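Peer 1:
2 protein chains.
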Amino acid sequence: MNYSVSEENYIKSIYHLQQQTETVTTNSLANELHTKPASVTDMLKKLQTKKLVEYEKYRGFKLNSTGNKIALNIVRRHRLWEFFLVNKLGFEWDKVHDIAEELEHVSSADLIKRLDSFLNFPQTDPHGDPIPDTNGKIAIIKQQCLTEIAAKKNVVVSSVSNQSPEMLEMLKHYHIAISTTLKVNKHFAFDGSVEIKVSQHASCIISQQVAANIFVHHD
Amino acid sequence: MNYSVSEENYIKSIYHLQQQTETVTTNSLANELHTKPASVTDMLKKLQTKKLVEYEKYRGFKLNSTGNKIALNIVRRHRLWEFFLVNKLGFEWDKVHDIAEELEHVSSADLIKRLDSFLNFPQTDPHGDPIPDTNGKIAIIKQQCLTEIAAKKNVVVSSVSNQSPEMLEMLKHYHIAISTTLKVNKHFAFDGSVEIKVSQHASCIISQQVAANIFVHHD
DNA sequence: ACTTTTTTTTAGATTTGTCTAAATTTTAAT
DNA sequence: ATTAAAATTTAGACAAATCTAAAAAAAAGT
Ligand SMILES: [Mn+2]
Ligand SMILES: [Mn+2]
Ligand SMILES: [Mn+2]
Ligand SMILES: [Mn+2]
Chain L
315 MNYSVSEENY IKSIYHLQQQ TETVTTNSLA NELHTKPASV TDMLKKLQTK KLVEYEKYRG
375 FKLNSTGNKI ALNIVRRHRL WEFFLVNKLG FEWDKVHDIA EELEHVSSAD LIKRLDSFLN
435 FPQTDPHGDP IPDTNGKIAI IKQQCLTEIA AKKNVVVSSV SNQSPEMLEM LKHYHIAIST
495 TLKVNKHFAF DGSVEIKVSQ HASCIISQQV AANIFVHHD
Chain C
315 MNYSVSEENY IKSIYHLQQQ TETVTTNSLA NELHTKPASV TDMLKKLQTK KLVEYEKYRG
375 FKLNSTGNKI ALNIVRRHRL WEFFLVNKLG FEWDKVHDIA EELEHVSSAD LIKRLDSFLN
435 FPQTDPHGDP IPDTNGKIAI IKQQCLTEIA AKKNVVVSSV SNQSPEMLEM LKHYHIAIST
495 TLKVNKHFAF DGSVEIKVSQ HASCIISQQV AANIFVHHD
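Chains as they are written, first to last, in our numbering: chain L, 315 to 533; chain C, 315 to 533.
#1: Using a Cβ-Cβ cutoff of less than 7 Å, which residues in the same chain neighbour L/E255 once the five nearest sequence positions on both sides are dropped?
#2: Give a yes or no on contact between the stretch 434 to 445 of chain L and the stretch 389 to 399 of chain L, applying the rule of three or more CB pairs nearer than 8 Å.
#3: Leaving aside the five residues before and after L/A526 along the sequence, list all residues of the same chain whose C-beta is less than 7 Å from its C-beta, in chain order.
#4: Please state if the CB of L/H531 and the CB of L/S472 are separated by a distance shorter than 7 Å.
#5: Less than 7 Å separating the beta-carbons of L/I325 and L/R390?
#6: Please determine, among L/W407, L/H419, L/N449 and L/A464, the residue with the shortest C-alpha to C-alpha distance to L/D443.
#7: Could you give the first and the last residue of the continuous beta strand (DSSP E) run that contains L/K326?
#8: Please report whether the beta-carbon of L/E416 lies at a distance below 7 Å from any beta-carbon of chain C.
#9: If you drop the 5 nearest sequence neighbours on each side, which residues of the same chain put their C-beta closer than 6 Å to that of C/L496?
#10: In the DSSP assignment, find the beta strand (DSSP E) that holds C/F375 and state where it starts and stops.
#11: Should C/G506 go down as buried or exposed, given a rule of 16 or more other Cβ atoms within 10 Å for buried?
#12: At a cut-off of 6 Å, would you count C/E418 as near ligand 3, judging by its Cβ distance to the nearest heavy atom?
#13: Grouping DSSP H, G and I as helix and E and B as strand, with all else coil, what is L/I384?
#14: So with CB distances below 8 Å, who are the chain C contacts of L/K326?
#15: In its own chain, which residues sit with a C-beta less than 7 Å from the C-beta of C/S478, not counting the 5 before and 5 after it?
#16: Only counting the same chain, and skipping five residues up and downstream in sequence, which positions put a Cβ closer than 8 Å to that of C/T494?
#17: Secondary structure at L/K497, three-state DSSP: helix, strand or coil?
#18: Determine, for C/S422, whether the minimum Cβ-Cβ distance to residues of chain L falls below 7 Å.
#19: Roughly how many angstroms lie between the CA atoms of C/I426 and L/K467, to the nearest whole one?
#20: For the stretch 422 to 451 of chain C, which segments carrying the alpha helix (DSSP H) assignment without a break, of at least 4 residues, lie completely within its bounds, in sequence order?
#21: Whole angstroms are fine: how far does the CA of L/K451 sit from the CA of C/I413?
#22: With a threshold of 16 other CB atoms inside 10 Å of the CB of C/C315, please say whether the residue is buried or exposed.
#23: Excluding sequence positions up to five away, which residues of its chain have a Cβ less than 7 Å from the Cβ of L/L429?
#24: What number of angstroms, rounded off, separates the C-alpha of C/N449 from the C-alpha of C/K383?
#25: What residues sit near ligand 4, counting only those whose C-beta is closer than 6 Å to one of its heavy atoms, in chain order?
#26: Nearest by alpha-carbon distance to C/N499: which of C/V508, C/T349 and C/L343 is it?
#27: Taking C/A465 as the reference, give the member of C/H411, C/A503, C/L433 and C/F432 with the closest Cα.
#28: Between the beta-carbon of C/L366 and the beta-carbon of C/G381, is there less than 7 Å?
#29: Tell me, please, whether the CB atom of L/F432 is closer than 7 Å to any CB atom in chain C?
#30: What's the gap between the Cα of L/Q332 and the Cα of L/F405?
#31: Just checking C/N323 against ligand 3 - is the residue's beta carbon closer than 6 Å to any of the ligand's heavy atoms?
#32: Between C/T361 and chain L, is there a C-beta pair that is closer than 7 Å?
#33: Should L/I492 go down as buried or exposed, given a rule of 16 or more other Cβ atoms within 10 Å for buried?
#34: To be precise: take each residue of the stretch 390 to 417 of chain C, compare its Cβ to all Cβ atoms of chain L, and keep it if any distance is under 9 Å. Which residues remain?
#35: Ends of the beta strand (DSSP E) at C/S517?
Put into structure tokens, the structure is as follows:
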């Protein structure tokens, strides 16, 4: 079956919200999509009759397994396009989200298959988020927040949760990017800031706010 | 200003129909877009209030210079994407039109700028049609139909007007593609068929119907 | 010149996705 | 346990894009 751009955006947003909380609320979804709660209720009725969500009035909702599969497919398209935009067209990663938001709705399966192959079957998008495979299987990257890493440990940056231009600017300043290796020197108890050393650069201190947005894995 | 997918499709179709006849009729546009004449009239009123067309009731219509510029920009996007699909993703040229029909509406100017550069500023799309530049300037490729070429002349295939899978199959069989060099041996008066010789292949005869769809230029 | 046919436009509905304002239900607070 | 606040749903309206059926205008035929 084929879904409208609007339906796809709703499905994908429910998916993303479900990563944090099992069941999603009307307000949170309205907020995510920059629409009004009333619109969400309307769309949810539709998604329910199409059997993509479990929904009980006033009780919140979640994707069922069909809905989940569709969501993962949209996420797949979104992230493949983001990868294309950064690695082939040379966009900065803070500029690609909105464009991928449109490209993800182009509905040819063959297109995505070929794009995937053209990009050499990437596993993660430019923000470090895993790209689901054709069957909707998505790698769970076990990662920790920089604030949780013990001192003197070497880690690799795997993803960044805040993907704003301001964050990119900051990360650039610190020479941090996805897959950068860095060492945690010390956590400061006073304000939670963290001293790190990025490859051959002089060690520096990042605020807790920044550290909280950087996710890393060992080795 | 920003236009809806529907508006863009109408604008582009008017542009294409104007290549053949100066002013476009309601029926022909409805036919081109697979809609009903009533829908065309509705949309034309809108395009008129947006000052993109010259339109007099019952009299037909045409794009004004603003409308023309917008059309050329859509055509530019469409053809750049077609080039991408064929030359980067390996699609056959009979499979790309519908996908480009969707991609052309993705509205980032930066995207198209970078795509153009990524593709090395191509001048023509996979069907041999010229790609308008950023300013809406489009090369007029002076070309002739194969039926009009005098015998014993060497020519280069510049475009193909029928872009169906059936035509592609036929052309493949004859080893004809865009920019293929071939020689016209003889025109047969009986049925208008044409004997041609394609590079090192044995000479062959193509029907008038096929010849009429192949456009070539000298040298 | 009149009549018929074709083309185009209007009138009125329909679908999709959205909104505001009011009603309802749930949750939190006293 | 009531009451107040917050969240959610309903009711009703609206814009965009489409359609069908009927009316109007233009073109073609005799
Ligand atoms: Mn989207
Ligand atoms: Mn991403
Ligand atoms: Mn289109
Ligand atoms: Mn083309």
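We put the beta carbon where it would ideally sit given N, CA and C, even for glycine. As the structure is a prediction and not an experimental result, all values here were calculated from the model.
Peer 2: The answer reads as follows:
#1: For chain L, the structure presents residues 315 to 533; residue 255 of chain L sits outside this window and is missing.
#2: yes
#3: C459 and T461
#4: yes
#5: no
#6: L/W407
#7: L/K326 -> not in any beta strand (DSSP E); alpha helix (DSSP H) instead, spanning V319 to Q332.
#8: yes
#9: I510 and V512
#10: F375 to L377
#11: exposed
#12: yes
#13: helix
#14: Correct list: empty, because the minimum Cβ distance to chain C is about 17 Å.
#15: D408
#16: V470, V471, V512 and S513
#17: strand
#18: yes
#19: 44 Å
#20: 423 to 432
#21: 26 Å
#22: What sits at residue 315 of chain C in the sequence shown is Met, not Cys. Classification for C/M315: exposed.
#23: L394 and F398
#24: 8 Å
#25: C/R393, C/E396, C/D439, C/H441 and C/D443
#26: C/V508
#27: C/A503
#28: yes
#29: yes
#30: 29 Å
#31: yes
#32: It is worth fixing the name first, because residue 361 of chain C is Leu in this sequence and not Thr. No, no contact with chain L.
#33: buried
#34: L399, K402, L403, G404, F405, K409, D412, I413, E416 and L417
#35: Per DSSP, C/S517 belongs to no beta strand (DSSP E) and is neither H nor E.
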